[in-house]
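Novice: Take this structure, written in structure tokens, and hold onto it; I'll ask about it next.
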Amino acid sequence: MILQNLKYMESHEWAKQEGDIVTIGISDYAQSEIQDIVYVELPEVGTELTQKTEFGVIESVKAAFDLYAPVSGEVIAVNESLLDAPEQVNESPYDDGWFLKIRMTDDSELDALLDAESYQAHIEAEHG
Amino acid sequence: MKRTPLYEVHKNLNAKFTEFGGWEMPLQYSSIVKEHLSVRSLVGLFDLSHMGEIEVSGQGANELVQKLSTNDASRLSDGRVLYTLFCNETGGIVDDLLIYRQADNHYMLVVNAANIEKDLAWVETCNDTGAEVKDLSQDTALIALQGPKSIDILNLFVPERDVSQISFFRFVVDKVARIPAIISRTGYTGETGFELYVNASTAEDLWKVLYPAVIAAEGHPIGLGARDTLRLEAGLRLYGMDMNDDTNPFEVGLDRFVKLKNRQFIGKRALLSEKKKGITKQMIGFQMLDRAVARPGYTVYQQGKHIGNVTSGAPSPTLKCSIGFASIESSRHAPSCRNTTQNIDIEIRGKMHPAKIVKVPFLSTGT
Chain C
123 MILQNLKYME
133 SHEWAKQEGD
143 IVTIGISDYA
153 QSEIQDIVYV
163 ELPEVGTELT
173 QKTEFGVIES
183 VKAAFDLYAP
193 VSGEVIAVNE
203 SLLDAPEQVN
213 ESPYDDGWFL
223 KIRMTDDSEL
233 DALLDAESYQ
243 AHIEAEHG
Chain P
3 MKRTPLYEVH
13 KNLNAKFTEF
23 GGWEMPLQYS
33 SIVKEHLSVR
43 SLVGLFDLSH
53 MGEIEVSGQG
63 ANELVQKLST
73 NDASRLSDGR
83 VLYTLFCNET
93 GGIVDDLLIY
103 RQADNHYMLV
113 VNAANIEKDL
123 AWVETCNDTG
133 AEVKDLSQDT
143 ALIALQGPKS
153 IDILNLFVPE
163 RDVSQISFFR
173 FVVDKVARIP
183 AIISRTGYTG
193 ETGFELYVNA
203 STAEDLWKVL
213 YPAVIAAEGH
223 PIGLGARDTL
233 RLEAGLRLYG
243 MDMNDDTNPF
253 EVGLDRFVKL
263 KNRQFIGKRA
273 LLSEKKKGIT
283 KQMIGFQMLD
293 RAVARPGYTV
303 YQQGKHIGNV
313 TSGAPSPTLK
323 CSIGFASIES
333 SRHAPSCRNT
343 TQNIDIEIRG
353 KMHPAKIVKV
363 PFLSTGT
């Protein structure tokens, strides 16, 4: 499932814009590929993120996966409930499984992200 | 990459594949956690046809097997299985394996998939007894049925006997659904279970008989992902991760499979001398005290001092925390790290995470 109103990265993070606040998570496709998420490592509130650089890690039973920031800005909220219930990322990737809220510094950065249609094409290409 | 006779079957089940020891094997069919828990509580079906089978037979076979084996193969009687190691002249582990004694001077060695060529070459190099050594790996498929319900399921297809009467580490030659098979009460999960060796040409027939019964019992097909977490929880070492040609059995805590008294075997002299010098490394089991996951290769510290590395590590689906093995320094002068009250730290992405040394196996299961 790919939500139409979100922007995506090729590394499968989604970004949802509400004014200058951007919420970040990973796509349903990503969670179903990774499966069995058992650990989430996220930055603290106040951390400055740079677009396309690592901000955290999720771990499945099998491996660790880096998370990349879709936009630059300051972390203003962290989904603390994931620390105790990381499986929410599998169960609800677009809702309860969100990672961070960022106060975006440059909204033109959103233009560099994929829309739903391009992301769908990217998944199909990646999946072969 | 090599494929087992069941490759198409896995593909049709939408398995996700992985490379393992030169083989393209199913990693998972659904979720590793789901598959893992189904083996612990119900039943799971595994394709392990990548494993190697080497036949040692004829005059001199008893002698050759005994000479290669760190464990005492002379204790085997027909129909019994022995877990053992092969060591090289310097005491390093060539492989860990099962020896099946089929008859006097007739054995099947079941070896790790990645080591088939190496083991064959080693057995042949050491063969000065005139025994015949034959690689049966290509012609042999291995399907495992593991979990508490495995007895009931297998009994559906073995009319002539009650398979619960086959004791742990024993085997019989019989038929499963009219397919000739070696039925072995062994496994790599810590659960009750069986390993079924059949001719490769009948592997698909056997799978197609067992699979519906496993699904009807609410079990799952199991990939290598869950095989790894199952063996880890059961405290079983994996060759290539926890041990290799440069580690000796004492360093990985496999002392009880090395019988030094009143017998000769390859590597004995080196092992005796290592023992005399003092073993400098030891393997410990650890459990993370937070939710972080310690993976192979991560560094282990105690009071700020680097003491070793993680060799196997993964989240335990049963214990719901991460567990693993680490190879750490041991000194006769330092307090033993087998003391399970001791804490260690494991460096994960530049940060220290607390762990405690725990007893292995990590959970008690029923074989």
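Chain order of the listed sequences is C and P. Residue 158 in the numbering used here sits at position 36 of the first sequence, and the numbers go up by one each step. Residue 92 in the numbering used here sits at position 90 of the second sequence, and the numbers go up by one each step. Every residue gets a Cβ at the ideal spot worked out from N, C-alpha and C, and that includes glycine.
Can you tell me which of the three DSSP states K353 of chain P falls into?
Specialist: Of the three classes helix, strand and coil, the one that applies to K353 of chain P here is strand, per DSSP.
Novice: Taking Cβ-Cβ distances below 9 Å as the criterion, which residues of the segment 161-182 of chain C are in contact with chain P?
Specialist: Residues passing the 9 Å Cβ filter: Y161, V162, E163, V179, E181, S182.
Novice: Looking at the structure shown, is P337 of chain P part of a helix, part of a strand, or coil, going by DSSP?
Specialist: Low confidence applies here, because P337 of chain P scores a pLDDT of 45, under 50, leaving its location unreliable and the question unanswered by this model.
Novice: Do you know offhand how far R265 of chain P's Cα is from S152 of chain P's?
Specialist: In a straight line, the C-alpha of R265 of chain P is about 38 Å away from that of S152 of chain P.
Novice: On a Cα-Cα basis, can you pick out the residue from P:V112, P:Q305, P:S332, P:G24 that is closest to I184 of chain P?
Specialist: Of P:V112, P:Q305, P:S332, P:G24, the residue nearest in Cα terms is P:V112.
Novice: Counting C-beta neighbours from all protein chains within 10 Å, is the total for F170 of chain P 16 or more, i.e. buried, or is it exposed?
Specialist: Flag for F170 of chain P reads exposed.
Novice: Grouping DSSP H, G and I as helix and E and B as strand, with all else coil, what is N311 of chain P?
Specialist: Three-state DSSP puts N311 of chain P in a strand.
Novice: Would you mind sorting Q61 of chain P into buried or exposed? The rule is 16 or more other CB atoms within 10 Å of its CB.
Specialist: Q61 of chain P should be labelled exposed.
Novice: Identify every residue that forms a DSSP beta bridge with R82 of chain P.
Specialist: Looking at the DSSP assignment, R82 of chain P forms a beta bridge with P:R103, P:R172.
Novice: If you drop the 5 nearest sequence neighbours on each side, which residues of the same chain put their C-beta closer than 8 Å to that of T249 of chain P?
Specialist: Hits under 8 Å: G94, I95, K283, S329.
Novice: Would you say T231 of chain P faces chain C, with C-beta separation under 8 Å as the test?
Specialist: Taking Cβ atoms only, chain C reaches closer than 8 Å to T231 of chain P, which makes this a yes.
Novice: Can you have a look at C339 of chain P and say buried or exposed, based on whether 16 or more other CB atoms are within 10 angstroms of its CB?
Specialist: Note that C339 of chain P scores 49 on pLDDT, short of 50, meaning its location in the model is unreliable; the coordinates nonetheless yield the value given after this. By the neighbour-count rule (16 or more Cβ atoms within 10 Å), C339 of chain P is buried.
Novice: Taking its Cβ as the centre, do 16 or more other Cβ atoms sit within 10 Å of Q126 of chain C, making it buried, or is it exposed?
Specialist: Burial call: exposed.
Novice: Establish whether the CB of A199 of chain C and some CB of chain P are separated by less than 8 Å.
Specialist: Not an interface residue.
Novice: Can you give, in chain order, each stretch of the beta strand (DSSP E) that sits fully within the segment 116-194 of chain P and has at least 3 residues?
Specialist: Listed in chain order, the complete beta strand (DSSP E) runs (minimum 3 residues) inside the segment 116-194 of chain P are 134-137, 142-148, 173-178, 181-186.
Novice: Please work out which residues of its chain come closer than 7 Å, Cβ to Cβ, to H108 of chain P, disregarding the five sequence neighbours upstream and downstream, and give them in chain order.
Specialist: Excluding positions up to five away in sequence, the list reads S59, A63.
Novice: Establish whether the CB of Q157 of chain C and some CB of chain P are separated by less than 8 Å.
Specialist: Output row for Q157 of chain C: interface = yes.
Novice: Closer than 9 Å, Cβ to Cβ, to anything on chain P: give me those residues from the segment 223-246 of chain C, in chain order.
Specialist: Listed in sequence order: no entries.
Novice: Measuring only between beta-carbons, confirm whether A186 of chain C sits less than 8 Å from chain P.
Specialist: For A186 of chain C, the answer is yes, since a Cβ of chain P falls inside 8 Å of its Cβ.
Novice: Mind listing the chain C neighbours of I224 of chain P? Cutoff is C-beta to C-beta under 7 Å, in chain order.
Specialist: Near I224 of chain P there are no residues of chain C at all, since even the closest Cβ is about 13 Å away, more than 7 Å.
Novice: Looking at A238 of chain C: is its Cβ nearer than 8 Å to the Cβ of P192 of chain C?
Specialist: In this structure, P192 of chain C does not lie closer than 8 Å to A238 of chain C by Cβ.
Novice: What does G227 of chain P reach in chain C if we use C-beta pairs closer than 7 Å?
Specialist: V183, K184, listed in chain order.
Novice: For P317 of chain P, which of helix, strand or coil comes out of DSSP?
Specialist: P317 of chain P: strand per DSSP, three-state reduction.
Novice: Does DSSP classify T227 of chain C as helix, strand or coil?
Specialist: If DSSP states are grouped into helix, strand and coil, T227 of chain C belongs with coil.
Novice: In the DSSP assignment, what residue or residues form a beta bridge with H108 of chain P?
Specialist: DSSP, once it has assigned bridges, lists P:S59, P:A105 as partnering H108 of chain P.
Novice: How would you call R239 of chain P, buried or exposed, if buried means at least 16 neighbouring beta carbons within 10 angstroms?
Specialist: With 16 or more Cβ atoms within 10 Å of its Cβ, R239 of chain P is classed as buried.
Novice: To the nearest angstrom, how far is it from the Cα of D244 of chain P to the Cα of W220 of chain C?
Specialist: If I take the Cα positions, the gap works out to 37 Å.
Novice: Compare the C-beta of A146 of chain P against all C-beta atoms of chain C and say whether one is closer than 8 Å.
Specialist: Answer no: the Cβ-Cβ gap between A146 of chain P and chain C never drops below 8 Å.
Novice: If we define contact as Cβ-Cβ less than 8 Å, is R239 of chain P a contact residue for chain C?
Specialist: Cβ-Cβ to chain C under 8 Å: no for R239 of chain P.
Novice: Figure out for me which residue from C:S240, C:F177, C:V183, C:Q210 has the closest Cα to the Cα of L222 of chain C.
Specialist: Cα-wise, what sits closest to L222 of chain C is C:F177.
Novice: So the candidates are P:N157, P:S203, P:P363; which of them puts its Cα closest to the Cα of I286 of chain P?
Specialist: Considering only alpha carbons, the answer is P:P363.
Novice: Nearest CA to the CA of V374 of chain P: which residue from P:T6, P:F196, P:G192?
Specialist: Since the first and last residues shown for chain P are 3 and 369, residue 374 of chain P lies out of range.
Novice: Is there a Cβ from chain C that is less than 8 Å from the Cβ of P161 of chain P?
Specialist: Judged by the 8 Å Cβ criterion, P161 of chain P is not in contact with chain C.
Novice: Report the three-state DSSP secondary structure of T282 of chain P (helix, strand or coil).
Specialist: Correct three-state label for T282 of chain P: coil.
Novice: Rounded to whole angstroms, what is the Cα-Cα separation between I180 of chain C and A202 of chain P?
Specialist: Those two C-alpha atoms are separated by around 40 Å.
Novice: Along the chain, where does the beta strand (DSSP E) containing G227 of chain P start, and where does it finish?
Specialist: Not the beta strand (DSSP E): G227 of chain P falls in the alpha helix (DSSP H), residues 226-235.
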